[in-house]
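Residue numbers (the numbering used here): 5 to 300.
These notes concern the structure reproduced below.
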Ligand SMILES: *[C@@H]1O[C@H](CO)[C@@H](O)[C@H](O)[C@H]1NC(C)=O
Ligand SMILES: *[C@@H]1O[C@H](CO)[C@@H](O)[C@H](O)[C@H]1NC(C)=O
Ligand SMILES: *[C@@H]1O[C@H](CO)[C@@H](O)[C@H](O)[C@H]1NC(C)=O
């Protein structure tokens, strides 16, 4: 019977007492807001010796249950630890700013093994877009086989926002979609163009729904949807009638209306009264002058 090398199986025995160490952080946090980070582990029958939290190489939180001062917090630049809301396994980071380094949690169990497991995770810090996203370029009505073009804008965020298009709820990607990203300082503006032919099948009950969906990880989601209508070719004139280009290029046809509004009743010679007589004279006077001039 071969002899057992106890030293070689010792780490395996130690391992059994500290299991499933995981660090759980959200994918992203908005700059200036709070984030909860969690360290999950299973000590089984063992005791916790120390739990340490790091940002990169900087320890910012230590929990040693047997110590006189079990909790110690060390300042870091990127956030504050909310001591009121935190427990050692779940730390609330307040007012998070740029995180250039990963977050780590390190768990060590008690004597005799002092077995240690370290896990790390990245937490993205995002800057939300400066405005709501918007769509430009869509017309209200399209004929069949016309080109439909639209632009969706997401303005100044970090990182660049993801933009996706949906037509009647169905995703549209390349070759229908073309994206441009511009960087201004540290922030990105994204313009996504959608271009497709207005096929009859896209119009459901004469209506096509065009949606632009923007997001930054799971911290930010915005949808804008616009509907465009199928132009009814037979009733083109109807649309022209509703929205004429020069609505007042011709005068109203009702002459009586014009006369009444422009000249008061007393102006006309046939009206009775002395003022009527006077005005009649004034009206014919220029004629008399003209004729007398010609007769000379
Ligand atoms: C913790 O709670 C105390 C009392 O409720 C409060 O005075 C203190 O400002 C809180 N600290 C933080 C960091 O929120
Ligand atoms: C949040 O952090 C930023 C940058 O570190 C700092 O300028 C700001 O004063 C902080 N705000 C609060 C409410 O602590
Ligand atoms: C954009 O989408 C891709 C693919 O789904 C994803 O991997 C990436 O994290 C997203 N980026 C942002 C900023 O949301």
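Built from N, CA and C at the ideal position, the CB exists for glycine as well.
Cα atoms of residue 187 and residue 59: separation of roughly 28 Å, rounded to the nearest angstrom. In this structure, the alpha-carbon of residue 102 lies about 21 Å from that of residue 225.
The segment 124-136 makes contact with the segment 20-35: 3 or more CB pairs, one atom from each, lie closer than 8 Å. Per the Cβ contact rule, the segment 39-46 is not in contact with the segment 64-77 (fewer than 3 Cβ pairs under 8 Å). Note that the segment 175-192 does not touch the segment 202-212; fewer than 3 beta-carbon pairs, one per stretch, sit closer than 8 Å.
With fewer than 16 other Cβ atoms inside 10 Å of its own Cβ, residue 149 counts as exposed.
The C-beta separation of residue 50 from residue 114 comes to about 6 Å, placing the pair in contact by the 8 Å criterion.
Only exposed fits residue 229, as fewer than 16 other CB atoms lie within 10 angstroms of its CB. At least one heavy atom of ligand 3 lies less than 8 Å from the C-beta of residue 221.
Between residue 200 and residue 232, the C-beta gap is not smaller than 9 Å, which leaves the two residues out of contact.
Annotation for residue 153: 141 and 199 place their beta carbon closer than 6 Å to its own, counting only its chain and skipping 5 residues before and after.
Selection 182, 92 and 83 evaluated against residue 166 yields 182 as nearest (Cα-Cα). The continuous beta strand (DSSP E) containing residue 175 extends over residues 174-176. Short note on residue 181: C-beta not closer than 8 Å to any heavy atom of ligand 3. As DSSP reads the structure, residue 121 sits in a beta bridge with 111.
Within the same chain, Cβ atoms closer than 6 Å to the Cβ of residue 147 are found at 235, the five residues on either side in sequence being excluded.
Within the segment 38-89, complete beta strand (DSSP E) segments of at least 3 residues are found at 39-46, 52-59, 62-67 and 75-77, given in chain order. Straight through space, the alpha carbons of residue 94 and residue 130 are spaced by roughly 22 Å. Residue range 23-28 is occupied by the beta strand (DSSP E) that includes residue 24.
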